[in-house]
Amino acid sequence: MLPLFIVEPELWRQPDMSGRQWAFVSECITELRDSLAALGQPLVVRSGSAVEVLQSLHVEHGVTALWSHQETGNAWTYARDLAVGEWCRAKGIPWQEERQGGTIRRLGSRNGWAKRWDTFMAEPETPPPPALPSLSGIEPGAVPSPSDLSLRPDACPERQPGGMRAASTCLQSFITERGESYRTAMSSPLTGFEACSRLSPHLAWGTLSMRQVAQTTWQRQREIKASPGPHGAWRGALSSFSGRLHWRCHFTQKLEDEARLEFENLHPAYDGLRPAEPDAVRLEAWAKGETGLSFVDACMRSLTATGWMNFRMRAMLMAVASYHLWLDWRKPGEHLARLFTDYEPGIHWPQVQMQSGTTGINTVRIYNPVKQGHDQDPDGHFVRRWLPELAEVPDRFLQEPWKWDEAGRILGKTYPHPIVDHLAAAKEARQKVWAARRGSAFREEAQRIQDKHGSRKSGMPLTGRKRKAKTDNRQLPLLPEEEAAS
Ligand SMILES: Cc1cc2nc3c(=O)[nH]c(=O)nc-3n(C[C@H](O)[C@H](O)[C@H](O)COP(=O)(O)OP(=O)(O)OC[C@H]3O[C@@H](n4cnc5c(N)ncnc54)[C@H](O)[C@@H]3O)c2cc1C
C-alpha cells in the first residue's frame, strides 16, 4: 500500500484557496509523514494533477486499487473527482471512496437523515494499522513551499497549528476545561476564542474525524452523567456542542445535493437583485476592515490575523457586506473563504447564502453592527485591541466614533468615516429583500427548497404536512441554525 498525498497546484490557484490554508495543510502532511514513517512507510507526496500523478504511479508500479476519502468540496474538486473516476474506469481500477461524516452521496430524501447520522457516528472508529510494509524505490517527495504553488503571501500570525497532535490537544482541552462556558461565551469575540471548540480547521482538513469528535463527546457526556456532580454548566454545553456537529453535516449535505449553490442564488427570486459586479470601493473597505463601522472592522482585522472567527461574527460580517453594503455574496464569500483556515465549502457557501438572505427559506437577519458591538464587546476591549487608531476615543463612543464631538481629529485622517449610514442602509435593504419575497411563485420555489434542504425538525412545513395556519412567509419559523444566531 502506498500512502499518497497529491498536492494539486491548480486547486491552490482557485479564488477560495489561500496561503494560510496551505500552511495548515503542509503542517498536517509533514506530521503525518513522520507518523507513517514510524510505522514503516512514510507518506509519499506528489505534485501535479491527480490523474497525471496516478497515471505515472500506475506506469511505474502498477496500481491495482485506489482508496480515498469522500469529499464534498468546491466545484473544482468535484470536476477532479469526475476525471479520476473516468481514469479508474478506463484502467479497470476499482476506486473506494470512504465516507467521512454524516453527508450522504446521492441522497434521495432528507427524511430520516438525522437518524442515519447518529447510526454512522456510533459505528466503531477504524484503528490505524499496526505497521505499514515499506516500499523500496519510491522517493517520498518534497512538500511544496507556498511559492512553489504560486500562493500570495498571507500573513496570519495567530493561526492555529495543523496536525493530529494539535487536534487532539484542542479536543481534550475543550471537553475537559474550556468548554464549560460554551453556551454563554460562544457569541462574543472576546470569549469565543477560548470557549468555542476551535475544532473547525481540524474537521475541515481531516486531522480529526467527525466520528472521533462525536464519540469523544458522548463518552464525556456519559462520564458527567454518571458522576455525582456538581456538573456546573457542562451538561448544557456538551449537548449544545453535540447539536452543532449535526449542523456541520446538515449544511454540507446541502452543497452535496445542489452543487450550483456555490455560484447561484438558491432561490432564483434574488437573481439580479444586487449588482453582479460589486462596488469595488465598498468591497475593498469591507475586506480591509476599513468601513468606519468599528465593530465590523475589528472583526475583519481579527479574522485576518487569526484565521478564525466565531459564528455570530462571521454571520454579521457577511450580513453587513450583503445588506448594508449591498454587495452580491460571491466576492465577499470568496474573501471570507480565503481568510478562514477552516474553509469548508459545504458549510461555507450555504451559510454565505443564508446570511445574505438568498435561500428563500430562512428568516432575513440583518444584524445591527453597532448593537452587536455594544452587546458582544461592552467594554470595548476587542475594538481597542484591533483598532489602535481609536485609542483616544472615549469608551461610550467606541462603537459609534462619529458621534463623538472630537471625532474630526480622527475621522477621515487615521480612521475612515462610516462608509454608509448603517440604519438607513439596513432599512433600504430590508425593503428590497422583502419585495422579492412576495407572490405565490416565490412561495412555491421556497417550498421546493425546504423539501429538498430544510431541517426536518423545524423550518417551513414540508409539502404534504398539515399546515397550522395560513402561510405568511414573513413569519417562517426559525431553523435551528438561526436560533443560535438570535
Ligand atoms: C458566513 C459563514 C461562513 C462559514 N464558513 C465556515 C467554513 O468555511 N468552515 C466551517 O467549519 N464553518 C463555517 N461556518 C460555521 C461556523 O461559524 C464555524 O463552524 C464555527 O465558528 C467554527 O468554530 P468552532 O470549531 O470553534 O465551532 P464550535 O461552535 O465549537 O462547533 C463545533 C463544530 O460544529 C460545526 N458547526 C458549528 N457551528 C456551525 C454552523 N453554524 N453551521 C455548520 N456547522 C457548524 C463546525 O464543524 C464546528 O467546528 C460559517 C459560518 C458563517 C456564518
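Numbering (this note's numbering), first residue to last: 21 to 506. Every residue gets a Cβ at the ideal spot worked out from N, C-alpha and C, and that includes glycine. Because the structure is a prediction, the values reported are computed rather than measured.
Residue i and residue j closer than 9 Å at C-beta
i      : j      : result
Pro148 : Leu63  : no
Gln375 : Met338 : yes
Arg358 : Gln41  : yes
Leu171 : Gly353 : no
Ser367 : Phe213 : Ser is not the amino acid found at residue 367; the sequence shown has Ile there. In this structure, Phe213 does not lie closer than 9 Å to Ile367 by Cβ.
Ala307 : His355 : yes
Trp328 : Arg218 : yes
Ile19  : Thr311 : Only positions 21 to 506 of the chain appear in the structure, and residue 19 is not among them; the question remains open.
Leu275 : Pro365 : yes
Trp225 : Phe44  : yes
Gly400 : Gln419 : yes
Ala95  : Glu282 : yes
Ser201 : Ala215 : yes
Gln235 : Ala142 : yes
Val27  : Pro164 : yes
Ser46  : Gly182 : yes
Asp277 : His473 : yes
Arg119 : Gln90  : yes
Leu56  : Arg66  : no
Pro29  : Leu169 : yes
Closest residue to residue i among the options (Cα-Cα distance)
i      : options                           : result
Leu228 : Cys48, Asp399 and Gln467          : Cys48
Ser342 : Ala257, Gln75, Glu80 and Asp299   : Asp299
Phe402 : Ser207, Asp395 and Ala318         : Ala318
Gly122 : Trp306, Arg264 and Phe44          : Arg264
Glu159 : Met206, His81, Gln232 and Ala142  : His81
Arg294 : Ser259, Thr378, Met320 and Leu275 : Thr378
Gly459 : Arg53, Trp349 and Ala289          : Ala289
Leu286 : Met336, Ile469 and Ile439         : Ile469
Arg126 : Ser260, Cys108 and Gln273         : Gln273
Thr324 : Gly312, Arg416, Phe360 and Ala296 : Phe360
Ser475 : Arg130, Ser55 and Leu86           : Arg130
Lys452 : Asp425, Val384 and Glu409         : Val384
Gly252 : Asp471, Gln116, Ala427 and Arg198 : Arg198
Leu86  : Asp101, Trp96 and Val390          : Asp101
Arg242 : Ser259, Lys472, Leu169 and Gln373 : Ser259
Glu464 : Ile381, Val372 and Arg268         : Ile381
Arg185 : Pro23, Asp54 and Thr326           : Asp54
Thr189 : Val233, Ser156 and Val163         : Val233
Arg179 : Ser220, Trp454, Leu407 and Met206 : Ser220
Gln75  : Ala99, Ser46, Leu56 and Ile113    : Ile113
Asp174 : Leu152, Trp238 and Met37          : Met37
Pro436 : Ala446, Ala444, Pro421 and Glu448 : Pro421
Ser208 : Glu409, Ala445 and Pro389         : Pro389
Gln97  : Val71, Ala110 and Val79           : With the sequence shown as reference, residue 97 is identified as Thr, and Gln is not the correct amino acid for it. Comparing Cα-Cα distances from Thr97 to each of Val71, Ala110 and Val79, the minimum goes to Val71.
Val83  : Gly68, Gly393, Ala110 and Val372  : Ala110
Ala305 : Arg416, Tyr363 and Met320         : Met320
Trp254 : Gln371, Asn330, Thr237 and Phe417 : Thr237
Met336 : Phe140, Arg231 and Ala446         : Ala446
Ile124 : Trp115, Gln116 and Phe140         : Phe140
Thr146 : Thr196, Arg231 and Cys108         : Arg231
Enclosing beta strand (DSSP E) for residue i [first to last residue]
i     : result
His89 : Leu86 to His89
Beta-bridge partners of residue i, as assigned by DSSP
i      : result
Leu66  : According to the sequence as given, residue 66 is Arg; it is not Leu. Ile26, per the DSSP bridge assignment.
Tyr435 : Leu431
Trp115 : Leu86
Any non-hydrogen atom of ligand 3 within 8 Å of residue i CB
i      : result
His368 : With respect to small molecules bound, the structure shown includes ligand 1 and not ligand 3.
Extent of the continuous alpha helix (DSSP H) to which residue i belongs
i      : result
Leu223 : Ser220 to Trp225
Tyr202 : Tyr202 to Ala205
Leu52  : Gly39 to Leu59
Thr237 : Met230 to Ala246
Asp395 : Pro389 to Gln396
Ala162 : No alpha helix (DSSP H) holds Ala162; DSSP gives it neither H nor E.
Glu448 : His442 to Ala456
Arg268 : Trp254 to Asp277
Thr196 : Met184 to Thr196
Ala461 : Ser460 to His473
Ala215 : Gly212 to Ala215
Lys135 : Trp133 to Ala142
Arg405 : His401 to Trp406
Quick one: complete alpha helix (DSSP H) runs, 4+ long, within the stretch 299-369?
-> List check, alpha helix (DSSP H) in window: 300-308, 314-326, 331-339 and 350-359.
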